[in-house]
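Encoded as structure tokens, the structure appears first; notes follow it.
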Amino acid sequence: MLTNWGGETLVIRRDRATDAWIVIAIHSTRLGPAAGGTRLKPYPDLDAALADALRLSAGMTYKFAAPGLPFGGAKAVIKVPDDLDPAARTGLLRRFGTLVRQLDGQFYTGPDVGTSPDDMDVIAETGAPYIFCRTLDAGGAGDPGPYTALGVFVGIRTACEFVFGDTSLRSRRILVQGAGDVGGALIELLREDGAEVVFSEVDPALIDRFRDQIGLEYVSPDAVYGTECDVFAPCALGGVLSADTIPKLRCRVIGGSANNQLATPQDAERIAETDVLYAPDYVINVGGAMAVPGIEAMGWTPEHAEEEVQEYVRETLLQIFEIAVGERIPTDTAARRMAEEHLAAAGDRPGTDIEPAR
Ligand code: PPY
């Protein structure tokens, strides 16, 4: 697992007080300090947590490299026991912050699955100034979800324009898998644009909200892949596009916010052999990762961040789709090549050559 990773630095810390494990995987600092969210959840075992951190950190390198943003890729994963109580969790977050600060700017973090801007406020007590997405009250940029949702929305419009010759989503049937922070915000944007949104979800509170209160059509999780729609938007977990699911798809476009949607690299080829257009995950879901460091580290206003996200997602996807069709290669391959060109242009500037503080 480690030899295939290709990353730079791995920190694994056991938190004895809570029996949690902290994994910080710094995949690349070639384009700048490495950044990526902190995912906190119970994993079946340490190997599963480590594998998730390694995979997600590499994805972040590509996510920042494709648009040429001055950050490298990283991810933190915190494997917690099922029954972690809130006070113990706060202590764990503070100790995690200390660890982030000890990395002295090699690693910047923010929220991911299982963590929130409120958690970033706690982590920043010990981890500042390396913590993105603190709450607005604390002076941070807050929840990155709406920026990610905006990028995915624009990406879906762009893909529909490419496939159907029409950006309007009026009456397009769009299946959103996962109505959480990003998926939920995406559903709102799609509905405002006149789309027919159907959704799948496992959380009873979210099912209640979107099916029973808003009145959307609900698709049970086991029926997702065979459901007929124009656009499939995976906004839940990774690995949903696989040898098992791809043949079942009844859509023309795949575009969603989940990280690492392809179960294996071969699944990019598998999709390319169908007539389904896949918007590569780390291009269409870059919104939060682009907007927040832009706002907090590069002086962008929130409005400017929204413009950057919309323009980048649209322009880049159009370019990727044209290359993919022109050269008959998977869209994911075209996106990867773009990211690799930016990494290569940065030259051999290994970030592991960290200057000692003087
Ligand atoms: C992601 O897009 O998956 C992220 O991890 C976003 C991000 C990037 C940098 C800081 C916080 C969150």
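Everything in the sequence shown is counted per numbering that gives the first Met the number 0, starting at 0 for the first residue and increasing by one.
Just so it is clear, CB atoms sit at the ideal spot from N, CA and C, and this is done for glycine as well.
Coarse secondary structure for residue i, derived from DSSP in three states
i, result
"residue 7", "coil"
"residue 311", "helix"
"residue 64", "helix"
"residue 317", "helix"
"residue 366", "Residue 366 is absent from the structure shown; the chain starts at 0 and stops at 357."
"residue 174", "strand"
"residue 194", "coil"
"residue 283", "helix"
"residue 372", "Absent from the model: residue 372. The displayed extent of the chain is 0 to 357, so no value can be given."
"residue 51", "helix"
"residue 288", "helix"
"residue 30", "coil"
"residue 294", "helix"
"residue 236", "coil"
"residue 146", "helix"
"residue 1", "coil"
"residue 185", "helix"
"residue 261", "strand"
"residue 330", "helix"
"residue 56", "helix"
"residue 269", "helix"
"residue 168", "coil"
"residue 158", "helix"
"residue 356", "Because the pLDDT at residue 356 is just 38, under 50, the model does not fix this residue reliably, and the point stays unresolved."
"residue 325", "helix"
"residue 96", "helix"
Outcome for residue i when other beta-carbon atoms lying within 10 angstroms are tallied against a minimum of 16
i, result
"residue 62", "buried"
"residue 29", "buried"
"residue 171", "buried"
"residue 156", "buried"
"residue 54", "buried"
"residue 202", "exposed"
"residue 119", "buried"
"residue 44", "exposed"
"residue 247", "exposed"
"residue 168", "buried"
"residue 94", "buried"
"residue 329", "buried"
"residue 135", "exposed"
"residue 97", "exposed"
"residue 183", "buried"
"residue 346", "exposed"
"residue 105", "buried"
"residue 99", "buried"
"residue 327", "exposed"
"residue 1", "exposed"
Distance CB(residue i)-CB(residue j) smaller than 8 Å
i, j, result
"residue 22", "residue 48", "yes"
"residue 153", "residue 312", "yes"
"residue 337", "residue 140", "no"
"residue 56", "residue 6", "yes"
"residue 38", "residue 111", "yes"
"residue 275", "residue 257", "no"
"residue 77", "residue 108", "no"
"residue 158", "residue 188", "no"
"residue 259", "residue 229", "no"
"residue 284", "residue 90", "no"
"residue 222", "residue 174", "no"
Beta bridge counterpart(s) of residue i as assigned by DSSP
i, result
"residue 109", "36"
"residue 199", "176"
"residue 25", "8 and 73"
"residue 231", "174 and 253"
"residue 14", "19"
"residue 78", "20 and 40"
"residue 216", "197"
"residue 130", "108"
"residue 205", "For residue 205, which the question treats as bridged, DSSP gives no partner whatsoever."
"residue 277", "253"
- Query: Touch check for the stretch 188-199 and the stretch 13-24: three-plus C-beta pairs under 8 Å?
  - Reply: no
- Query: Quick one: any contact between the stretch 282-297 and the stretch 210-226, if contact means 3 or more CB pairs under 8 Å?
  - Reply: no
- Three-pair Cβ contact test at 8 Å for the stretch 80-89 versus the stretch 260-267: no
- Query: Do three or more CB pairs link the stretch 299-313 to the stretch 325-342 at distances below 8 Å?
  - Reply: no
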